[in-house]
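Chains as they are written, first to last, in the working numbering: chain A, 2 to 675; chain B, 2 to 675; chain C, 2 to 675.
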Amino acid sequence: MTPSPFSAVPGLLHGADYNPDQWLDRPDILARDIELMKKARVNCVSLGIFSWSALEPEEGVFRFEWMDRVIDSLYDAGISVDLATPSGARPAWLAEKYPEVLRVDREGRRHAFGGRHNHCLTSPVYRQKTALIDGMLAKRYGGHPGVVLWHIGNEFSGDCYCPLCKNAFREWLKKKYGTVEELNRRWWTSFWSHTYSSFDQVDPPSPLGETSIPSMQVDWRRFSTDQCASFIRNERKALRQYAPQPATINMMWSFLDYDYAVLAREVDFVSWDCYPRLKSGNNLMVLSEACMNHDYMRSLKDAPFLMMESTPSKVNWHTVNQLKRPGMHLTSSLLSVFCGSEGVMYFQWRKGRGGSEAFHGAVVGHDGREDTRVFRDVAHTGEMLEKLSSLKGAPVDPARVLILWDQQSRWCACFAQTGLGGRMDPLPVLQSHYLALFKKGVRVDLKGMDADLKSYDLVVCPETFQFREGFAERLRDYVRSGGHLFHTCFGGVVDGDDLCWLGPTPHGLTDVLGVRDPDLDALYPEEEVCIRLEDGQCFRVDQICEYPEEVTAPRILGVYDSDFMKGTPAFTYAPFGAGGAWYLAARPEQKGLDAVYGRILEALGIRGVWPRPLPEGVAALGRGQMVLVANLSGADASLGLEFPLTDLLTGAPVPDPLPANACAVIRKEDLKHA
Amino acid sequence: MTPSPFSAVPGLLHGADYNPDQWLDRPDILARDIELMKKARVNCVSLGIFSWSALEPEEGVFRFEWMDRVIDSLYDAGISVDLATPSGARPAWLAEKYPEVLRVDREGRRHAFGGRHNHCLTSPVYRQKTALIDGMLAKRYGGHPGVVLWHIGNEFSGDCYCPLCKNAFREWLKKKYGTVEELNRRWWTSFWSHTYSSFDQVDPPSPLGETSIPSMQVDWRRFSTDQCASFIRNERKALRQYAPQPATINMMWSFLDYDYAVLAREVDFVSWDCYPRLKSGNNLMVLSEACMNHDYMRSLKDAPFLMMESTPSKVNWHTVNQLKRPGMHLTSSLLSVFCGSEGVMYFQWRKGRGGSEAFHGAVVGHDGREDTRVFRDVAHTGEMLEKLSSLKGAPVDPARVLILWDQQSRWCACFAQTGLGGRMDPLPVLQSHYLALFKKGVRVDLKGMDADLKSYDLVVCPETFQFREGFAERLRDYVRSGGHLFHTCFGGVVDGDDLCWLGPTPHGLTDVLGVRDPDLDALYPEEEVCIRLEDGQCFRVDQICEYPEEVTAPRILGVYDSDFMKGTPAFTYAPFGAGGAWYLAARPEQKGLDAVYGRILEALGIRGVWPRPLPEGVAALGRGQMVLVANLSGADASLGLEFPLTDLLTGAPVPDPLPANACAVIRKEDLKHA
Amino acid sequence: MTPSPFSAVPGLLHGADYNPDQWLDRPDILARDIELMKKARVNCVSLGIFSWSALEPEEGVFRFEWMDRVIDSLYDAGISVDLATPSGARPAWLAEKYPEVLRVDREGRRHAFGGRHNHCLTSPVYRQKTALIDGMLAKRYGGHPGVVLWHIGNEFSGDCYCPLCKNAFREWLKKKYGTVEELNRRWWTSFWSHTYSSFDQVDPPSPLGETSIPSMQVDWRRFSTDQCASFIRNERKALRQYAPQPATINMMWSFLDYDYAVLAREVDFVSWDCYPRLKSGNNLMVLSEACMNHDYMRSLKDAPFLMMESTPSKVNWHTVNQLKRPGMHLTSSLLSVFCGSEGVMYFQWRKGRGGSEAFHGAVVGHDGREDTRVFRDVAHTGEMLEKLSSLKGAPVDPARVLILWDQQSRWCACFAQTGLGGRMDPLPVLQSHYLALFKKGVRVDLKGMDADLKSYDLVVCPETFQFREGFAERLRDYVRSGGHLFHTCFGGVVDGDDLCWLGPTPHGLTDVLGVRDPDLDALYPEEEVCIRLEDGQCFRVDQICEYPEEVTAPRILGVYDSDFMKGTPAFTYAPFGAGGAWYLAARPEQKGLDAVYGRILEALGIRGVWPRPLPEGVAALGRGQMVLVANLSGADASLGLEFPLTDLLTGAPVPDPLPANACAVIRKEDLKHA
């Protein structure tokens, strides 16, 4: 077992993105920062994320002295540094001198200098220049005891359509397909006469060119992921010459551009930036989605991760940017920890005076004071994290349920030209499944199609559109050997090349499920189609549903109750080998899916971490020897505790009812007796 | 009388677009196709629509062997071929070698290879290359007994702004206007100082250039129509050298880009692609719109046409793509036949594995089976078409009503800068008029301003914005000689150059209508303006209404009942010569227009084909010796039959009530006694 | 005191944009125009606004004869001319020969010839060519007794991103900042590593380049304003060589592109184009907004202005273009006069036959008649203006209230990246404040931050986001000396460079207001947050609200009544020196703001011009010795007059109730007794 990447910082991490380069002419403010950090119990900051022009104001002219001073001061104050490579934003001189580093958009327009995260990741100049400065940073700080982590770039995203990238794409295709005939076959270019006679004829997908080859679009995403991976590798190599500290990249919420399963291989640990759209009322759904992303991040490496960014108050880029309500800051922070985060980090430490994030929330505002609600919330959270320091390195409760989050399958669904106006992204469906389990306090892992299925009691394939070669066989083996599968509509349709499987669908599973050749239907918003379960409970389905041509599953657990398909099986169970498989033919409303999961979990004997049914809007998560209970309902929630439980955060009894937005941490041991 | 273009196929046509070039490596599938076609009673397929890269994989290298085999096999199986020229999608090599064939969009961007239907129709290279391959196809298959029709290109559309097209536009303008002074006068360029001093200064309309000359925009559409016509002529000439079979192009639903009245002259028969947005409930409106388009297609040449494409199940490009409900496939197919289609053709025979239409409905799905609901529906329709084969070549019931669908006037209305946010397209208004008549079982023709009016008892001008020179006079003569006119708001405003008529409006008709100088008003969505008829019935009007400065019509049949115009005449009748004219000042809600038509038809003694009032949501159409009755209401409909009628489709009595989505065919003779 | 710019025309001005160059081949129409103008009591027309190609059909070839004839004919008929420079639309030959005069858009695309108002205002060629023709016009008509005013260009707007403009921007920046270091400091470019090492690296803001530096975006607007100002100066200089008449530019409604306070310095008098979105019901709000703009125009130079354009019926560019309801034309016209307009001018005299404004309202329509509702309305208004001629030059009632309309602060708020989806434009907030006062008949001035505050009893800063250096001090002095301030949320945040003020906010006012460091919150549309006043009245707040960290104001007049901030002060008063200050923490619904103003006006003893509370939907404005009362409610309004008042318009008693859309003019003297 490798040592934890977080071991250099005692306790859970608490800190923020720190931009002292905006205040170099204000040493008083820099000194005050240290003082305030200590008051806020900050033990680690991310430094230098956008400091390139401060570090290298002209080509080849380097200025590290200010950073030396900052790192030393922090170290002296007992604050560790997560040191960033500055590749997230290039200096103006670099763009001026080497325009190739600027990205070309899908309409072929080379962008001008500005913004951030918008470099050509293929550009040899950009790779060389980032490696150069990374190497200098690594050399200078690789041995500094205060520098404990590396933060490569920032929120990698997007793609570039410049000549260099086009060429790299063609090379990538040549390597993958060998011959253009093979590419034609696997892209099905005989459709609309799109057959290529040379790789040179292939341009990336573009609204001003090709948009009608879904397989090409999926390959473009794979290619862009690979370019990003090799870009990261290039930076990491530059660091590794001199710097032994673990390195990460900060990932993003439900991100579509890249396959994080691929990028995760390039880093020592996973970190990500978590910005739920909180509001004043019930936040169960939005925080469940945050936890789904936390769980995905943990699952990427089956290891603790770090919530690298979150806001202490609000952001400035949602449509509505609301302040966190009292209690919410601690609660949302601890949810991350109980999903496996080794700390709580913020963007940003201090608000700048200008630029596009001057109004993004920060621990310290323009007035620089500590007697603010935000600062108090942060300091209190720091204090609570210290109380929970025994969680550091502790595993979360093992998941008995796996929900398939396969990014490649997701791309295939998103690009599938079925004309549902973009509504085929399975993410909202995953979220609905996750929510049903979250409400029951059931821990979930989220992994791609390559996951090892054996350790799970239940594998959920929610609209898993793509079944890559071998996956159906692995599912069959899994079920045959006693596993249980929950498969839904729009699944098992295309192969690894995003070509439709010939033969019956869901591909390879028709006998396992007892269902053959469902025909996908779409619903107008005003149409009401219902499923009725055996017990008479009815619920609506939304947007899409499918009707199998044949159902041989022995157990019909629910049928359509409306329109022409009245009576058609919609929820079934079939035993197979030592296990069995459920099939659900539609996207039900949440209460429907809740009922469906009630049935499935009961059949499998899976129970949540909370010893009784969770009140509406209350979540519970276990990690190590502790359980977090959090009231996300927006109103007081009665826990119905029959005798007092001690809240490890306060040392006092857990209040019952638990106030809105409040949380408590309880020893598992105590719960056993509850 | 020329022989029917469809005579080579016995009976009504039944078939589909067939793309064997996607399956050349699967001879088993090609063999199975023939077998399934016979089971589905297919007698004609459209072949080779996108086969260019299969036929000419490299420039000058031709491969016809596969097509020989396919045509021969089909012929051996008794299946005729509608052979396509491949000009709808060019091969990649052609785009690579001759970029001029790629279209330039209105923002001046040359598009890259991709998509389809996106060629420069002016490009000499593209015309030469299409003529070359067309000629080779014609030479090879012009004499094949299995090839019975030609299908030129596919769904022609759009325009190009490349230098070649700009230049062609200038030449077109020179030819039309002779001098730039004449162009200035007829485009009214003195407005905003837009006077040209040379034809070379004229660019096509563009959001990055000129958008403020409506006459130019109309001319651009005329020019684009003419370019398309000459492109078709070029292809047809190439075919005619060797191939005597009749040729067509497949047109589209309510199409705005071109004037089909012009394109129809270039083909031997009209065909079109019909994709109504069907849903699970009441489809009266959407299928009425389909029938309006059918009737327009028939009216283009006053002859039977062919529904070249329709879906056997669903499409993949509507916002919501719904499967056809049971019964709907036969019903919607027969509606086309009873509007004059000589057959029922589908897109597509078999779903491809990839490309953008892999999820478009097809007769045969990815599983390749025949025991599916879709296949059974198609086979059943084939069987019914055989039963109705006596309809082949039979005329539809003659129309006593003409609704003016004049594409040039439509363009003028669409480009009129009246600021109604694009709501001046008269198509929805035409649809509302058509629906009022459709509900009554009254057959309608739809033609442009050049139509011969004499044979109609009623000519409807719904928002006929443009009155080209001479049209008012022809309408006057028509009415004076005993005809009847129904004219509505926003009519008779501009002349052939899209310049406003000076003098009173509606131009040339003020004495015929007894109405002068209506001022056009617009309504906010929340405003309620009503018209009250003589009998007290009230209905709302929508979006626009107008108030004549003077009304001299002797019969005031309805008045405004709201706002400041309360009491102003809104629906009038004036006798004129041996005929008379109705005038309606607004866009009424449907029930209002229904009432208005009730009044008009009663006055003219026009009755529908059904012997009594049609139940809500039920349509009836007559052709030859038969009447189709179709229940589009989404629910059972009581026909109130007093004695049994035989359904020619089943040989059994027509069910009463008629189930939702069901239809029946009855001998006219039988109806006489009903 | 300089003489009034309008003195050459006796009485209030009444007239229209006149485009005889569209009818040069129709002398009958030109003759008829004069005849109709006299009937409509027109005494001034704006001539030649888009006549460049008629005046200079080829480069260097000039044709003034037609204009000579038109001006002479008008003069003979007693109609004065407001003569335009033709710079609003260039001829085609100019664009063809000198492409640099065509604008480049923010995506770097040089536009083609077309449209209007779309020139590069930097282009030396365009400046030279406009100066040349302006000089020739001035020389020829500067001494003509019929030419009384000059109209420079038309509705200046927009910006250009061509190389010439980019370079001019860099020069402008160099002049402003001196060194690039200073620019970096004041643009806060250390954020996201955007530090420039040379002015040459700075491009204007663009969606394809830099959008993340708000200070740059504000500077770009300042620069564009300055370019426009110097363009106007260039034209005016060309005129002044020969022409002594006063000159203006016609400004626009709530315009964002430029700072009119800067442009107003370039003209002799202010004029503007007023196009409210009137509808059939209650127009209080939209006409209050029109009056707010009128008052802003008057305030720009503290002098009477001219409503240069308005429509006699409808426009053609709103989404819904509705005809004016009976009575509305006179009423909306007189509102302008009672806000200080020296006349009522229309766009347009006669509808053209083509071009984009053929359907814009006009005094004379395509039928050329005078017996139309529109013509009668216009002629009647002309008659009424003659009756009110004593108002010419009379001051409006002096305003005791100043609402701050500071365009620079507005830009800062609009570009502030707070993520409220563009809802930070304070204009709607200003409108809401103005409306509260308008409903009470209280006259308002609207000026920028440089205004002299002394003469006002109340200064309102509605979301005055920017406090430029010195403004807070001036406000303090004003209040200390006995003035009263009403300050609302989102105020006093940034400095003159659009950088956030450090230290407590609202900057410089915390002790004046007794409020410190409000934290801005945003509300979801479905969230209901209320403020409760002392008297128990409650009202909702909208979109944003803020919560001060500290409130020391002694008078808490209202508190939040919902959500977590329940009980937090939301409306306060603090005395300061001899004056005092109100603070309001949110955007209330209108009835809430009405109540707040009720409280404030009562405290200050400010009363409206009407001697009693105005009925709902009725407005009253005083000017000279007269008061206009106008019923904008859309329904009859009872004035509750206790004895008859004479309407100076009719000589008859003011009708009570006053009909919808009607107005009356009453001698102030008479009102004293009312």
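Note that the Cβ used here is the ideal one computed from N, Cα and C, for glycine as well. Please read these numbers as outputs of a predicted model, since none were measured by experiment.
Practice problem: Spell out a yes or no on whether the region 307-326 of chain C and the region 509-516 of chain B are touching, meaning 3 or more CB-CB pairs, one atom from each, closer than 8 Å. | Solution: Judged by Cβ distances under 8 Å, the region 307-326 of chain C makes no contact with the region 509-516 of chain B, as fewer than three pairs qualify.
Exercise. Work out the CA separation of Asp69 (chain A) and Ser357 (chain A) for me, nearest whole Å.
Key: 27 Å
Self-check item: Residues of its chain near Val397 (chain C), where Cβ-Cβ distance is below 6 Å and the 5 sequence neighbours each way are ignored
Solution: Gly341, Arg624
Quiz item: Looking at Val480 (chain B) and Tyr383 (chain B), is the spacing between their C-beta atoms short of 8 Å?
Solution: Note that residue 383 (chain B) is Gly in the sequence shown, not Tyr. Taking 8 Å as the Cβ cut-off, Gly383 (chain B) and Val480 (chain B) do not qualify as a contacting pair.
Self-check item: DSSP beta-bridge partners of Asp564 (chain B)
Solution: The partner list for Asp564 (chain B) (beta bridge, DSSP) is empty, contrary to what the question assumes.
Exercise. Buried or exposed for Phe644 (chain C), please, with buried defined as at least 16 other CB atoms from any protein chain shown within 10 angstroms of its CB.
Key: exposed
Exercise. Take the Cβ of Asn322 (chain B) as the centre, count every other Cβ of all protein chains shown within 10 Å, and call the residue buried at 16 or more, exposed below.
Key: Taking a 10 Å sphere around the C-beta of Asn322 (chain B), we find 16 or more other C-beta atoms and assign the residue as buried.
Self-check item: Boundaries of the beta strand (DSSP E) in which Ser383 (chain B) is found, first to last residue
Solution: Checking the sequence shown, residue 383 (chain B) turns out to be Gly, not Ser. First-last for Gly383 (chain B): 374-388, but that is the alpha helix (DSSP H), not the beta strand (DSSP E).
Quiz item: Name the chain A residues whose beta carbon is nearer than 9 Å to that of Pro215 (chain C)?
Solution: Gly355, Gly356, Ser357, Ala359, listed in chain order.
Exercise. Could you please tell me which residues of the region 74-96 of chain A, in chain order, have their CB closer than 9 Å to any CB of chain C?
Key: Residues of the region 74-96 of chain A whose Cβ lies closer than 9 Å to any Cβ of chain C, in chain order: Pro87, Gly89, Ala90, Arg91, Pro92, Ala93, Trp94, Ala96.
Self-check item: C-beta contact flag for Gly344 (chain A) and Leu392 (chain A) at 8 Å
Solution: no
Quiz prompt | Whether Leu165 (chain C) touches Leu174 (chain C) by CB criterion (8 Å) | solution = no
Self-check item: Proximity below 8 Å, CB of Gly449 (chain C) to CB of Trp406 (chain C)
Solution: yes
Quiz item: Do you know offhand how far Thr647 (chain B)'s Cα is from Ala665 (chain B)'s?
Solution: Rounded to whole angstroms, Thr647 (chain B) to Ala665 (chain B) spans 9 Å at the Cα level.
Practice problem: Verify the CB distance criterion: does Lys669 (chain B) have a CB-CB separation below 8 Å to chain A? | Solution: It does not: the Cβ of Lys669 (chain B) has no partner Cβ on chain A nearer than 8 Å.
Quiz item: Should His152 (chain C) be flagged as near chain B, meaning a C-beta pair shorter than 8 Å?
Solution: no
Quiz item: Got a sec: which bits of the region 317-336 of chain B sit with their beta carbon under 8 Å from any beta carbon on chain A, in order along the chain?
Solution: Asn317, Trp318, His319, Thr320, Val321, Asn322, Gln323, Leu324, Arg326, Pro327
Self-check item: Enclosing alpha helix (DSSP H) for Glu474 (chain A) [first to last residue]
Solution: 472-481
Quiz prompt | Identity of the residues DSSP links to Met346 (chain C) by a beta bridge | solution = C:Gly16
Practice problem: Return no unless some Cβ of chain A is closer than 8 Å to the Cβ of Met2 (chain B). | Solution: A caution first: Met2 (chain B) carries a pLDDT of 48, below 50, which makes its placement in the model unreliable, though a value can still be read off. By this cut-off, Met2 (chain B) is not an interface position.
Quiz prompt | Own chain partners of Leu500 (chain A) with C-beta closer than 8 Å, once the 5 adjacent residues on each side are dropped | solution = Arg187, Trp189, Ser216
Self-check item: Beta-carbon proximity check, Asp518 (chain B) vs Cys546 (chain B), cutoff 8 Å
Solution: no
Quiz prompt | Selected residue, minimal CA-CA separation from Ala363 (chain B), among B:Asn317, B:Phe339, B:Leu403 | solution = B:Asn317
Quiz item: What residues from chain B crowd round Thr373 (chain C), counting only those whose CB sits closer than 8 Å?
Solution: Asp518, Asp520, Glu550
Practice problem: Tell me whether Val62 (chain C) is buried or exposed, calling it buried when 16 or more other Cβ atoms sit within 10 Å of its Cβ. | Solution: Exposed, since its Cβ has fewer than 16 Cβ neighbours within 10 Å.
Quiz item: Nearest CA to the CA of Gly89 (chain A): which residue from A:Leu103, A:Ala78, A:Asp77?
Solution: A:Leu103
Quiz item: Apart from the five residues on each side of it in sequence, which residues of its chain come closer than 8 Å, Cβ to Cβ, to Pro92 (chain B)?
Solution: Trp53, Ser54, Glu57, Pro58
Practice problem: Could you check which residue in C:Thr553, C:Val443, C:Thr651, C:His488 has the C-alpha nearest to that of Arg613 (chain C)? | Solution: C:Val443
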